[in-house]
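**Student:**
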Amino acid sequence: MTVELKVFITNNAATCSECGEALGRHAWITLAGEKGALCLSCADLDQLLFLGSGNAALTRRAGKYSTLKAVVLKWSKARKRYERQGILVEATALEQAEQECLADADLRARRQARAVDRRAELDQQYVTRFAARVRELHPGIPKVIETAIAEHACLKYSERVGRSAAAKRLDAEAVELAVIAHIRHTQTDYDRLLASGMDRRTARDEVRDTIDHFLKEWEK
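The opening residue of the sequence shown carries number 103 in the numbering used here; numbering runs sequentially from there.
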């Protein structure tokens, strides 16, 4: 059974209760009961892509193909209720949904537009330095993976680990968090465990051995 996860766009300033990062207004957060608000990075949802409301077929298909997904909600002062803004889905799920929904020409145009947006969101010099720091800490890591980790972590608009003050200083601990997050989401069943309703910390314990295996391999 898949549990519907919820992400809220705040109206007031928010702070992540786990990492302590000041998120400001209009932050994207999840609620963790008594633990309070979590940023998307600490909630392990920062690898998902946002798909805004408006295309029902694309939303339905992307949601169907995404193992881990979340509905995005924002409080409407006028209507005094939370209103759906869209969903967060996995990149592969969105791509598969686009393949089915769009004609070839429209698909290329959409991908090109998204590529332009992505380039605008990336500080290439920072990405290069971040990737170099990843390789310094993990000499055996494949180059394509170090680049993927750096680009994902350093997106300007995001609340990802690469945008924290420590990461900008290229502190080893902050960079290591980005590497671990990549392994967790791409090489383990972690997303499936979260989607099934498993507690985040329990799910992390379940995949710890796999993460340690890759970290050891990449140290060589």
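Even for Gly, the Cβ is constructed at its ideal location relative to N, Cα and C.
1) What does the Cβ neighbour count give for Q149, buried or exposed, with the cut at 16 atoms within 10 Å?
2) Can you list the alpha helix (DSSP H) stretches of 4 or more residues lying completely in the stretch 113-185, in chain order?
3) Please return the same chain residues whose Cβ sits closer than 6 Å to the Cβ of L296, not counting the five positions on each side in sequence.
4) Within this structure, are the beta carbons of S155 and E192 separated by less than 8 Å?
5) Going by other Cβ atoms of all chains shown within 10 Å of its Cβ, with 16 needed for buried, is G126 buried or exposed?
6) What are the residues that DSSP puts in a beta bridge with I189?
7) Please tell me whether A199 and L160 are closer than 8 Å, where the distance is taken between their beta carbons.
8) Tell me which residues share the same chain as T249 and place their Cβ nearer than 8 Å to its Cβ, disregarding the 5 neighbours each side in the sequence.
9) Sorted by chain position, which residues of the same chain lie with C-beta nearer than 6 Å to H284's C-beta, five sequence neighbours on each side aside?
10) Please go through the same chain and pick out, in chain order, the residues whose beta-carbon is closer than 7 Å to the beta-carbon of W130, but skip the five residues on each side of it.
11) Does the distance from the CB of S119 to the CB of G138 come in under 8 Å?
12) Would you list the one or two residues that DSSP bridges to F78?
13) According to DSSP, is T290 helix, strand or coil?
14) Residues in its own chain within less than 7 Å of I282 by CB, not counting five upstream and five downstream?
15) Beta-carbon separation of A195 and A172 under 8 Å?
16) Can you look up K322 in the DSSP assignment and give me helix, strand or coil?
17) Starting from K240, trace the alpha helix (DSSP H) in both directions and tell me its first and last residue.
18) Excluding the 5 residues flanking L153 on each side, which residues of the same chain have their C-beta closer than 8 Å to its C-beta?
19) Mark R181 as exposed unless 16 or more other C-beta atoms lie within 10 angstroms of its C-beta, in which case mark it buried.
**Tutor:** Well, looking at it:
1) Translated into positions along the sequence shown, residue 149 becomes position 47. With 16 or more Cβ atoms within 10 Å of its Cβ, Q149 is classed as buried.
2) You should have 158-167.
3) The count along the sequence shown starts at 1 and reaches residue 296 at position 194. Closer than 6 Å at the Cβ level, and outside the excluded window around L296, lie L170, A305.
4) The residue given as residue 155 occupies position 53 in the sequence shown. The residue given as residue 192 occupies position 90 in the sequence shown. Against a cut-off of 8 Å, the Cβ pair of E192 and S155 comes out as no contact.
5) Taking the sequence shown and counting its residues from 1, one reaches residue 126 at position 24. If you draw a 10 Å sphere on the C-beta of G126, you find fewer than 16 other C-beta atoms in it, and that means exposed.
6) Numbered from 1 along the sequence shown, position 87 holds the residue referred to as residue 189. When beta bridges are read from the DSSP output, I189 appears opposite L153, V173.
7) Counting from 1 along the sequence shown, the entry for residue 199 is found at position 97. Counting from 1 along the sequence shown, the entry for residue 160 is found at position 58. Yes.
8) Working through the sequence shown from its first residue, we reach residue 249 at position 147. Scanning its chain for C-beta atoms nearer than 8 Å, with the 5 sequence neighbours on each side dropped, one finds around T249 the residues V229, A233, in chain order.
9) Residue 284 sits at position 182 when you count from the first residue of the sequence shown. Cβ neighbours of H284 beyond the five flanking positions: I251.
10) For the purposes of this step, residue 130 is taken as residue 28 along the sequence shown, with counting starting at 1. Within the same chain, and ignoring the five residues on either side of W130 in sequence, the residues whose Cβ sits closer than 7 Å to its Cβ are V109, I111, L142, E261.
11) In the sequence shown, counting from the first residue as 1, residue 119 sits at position 17. In the sequence shown, counting from the first residue as 1, residue 138 sits at position 36. Yes; because the gap between Cβ atoms is below 8 Å, this pair is in contact.
12) Only positions 103 to 322 of the chain appear in this structure, which leaves residue 78 out of reach.
13) Stepping through the sequence shown from its first residue, residue 290 is reached at position 188. In this structure, T290 counts as coil in the three-state DSSP scheme.
14) Your numbering for residue 282 matches position 180 in the sequence shown. Only residues of its own chain outside the window of five on either side were considered, and among them I313 have a CB closer than 7 Å to the CB of I282, listed in chain order.
15) One-based indexing of the sequence shown puts residue 195 at position 93. One-based indexing of the sequence shown puts residue 172 at position 70. No, the Cβ-Cβ distance between A195 and A172 is not below 8 Å.
16) Looking up residue 322 in the sequence shown gives position 220. If DSSP states are grouped into helix, strand and coil, K322 belongs with coil.
17) Position 138 of the sequence shown, counting from 1, holds the residue named residue 240. For the sequence presented, residue 240 should be read as His rather than Lys. Premise fails: H240 is in no alpha helix (DSSP H) and is neither H nor E.
18) Working through the sequence shown from its first residue, we reach residue 153 at position 51. Excluding sequence neighbours, L153 sits near L160, T161, A164, G188, I189, L190, V191, L196.
19) Taking the first residue of the sequence shown as 1, we reach residue 181 at position 79. When all chains shown are included, R181 counts as exposed.
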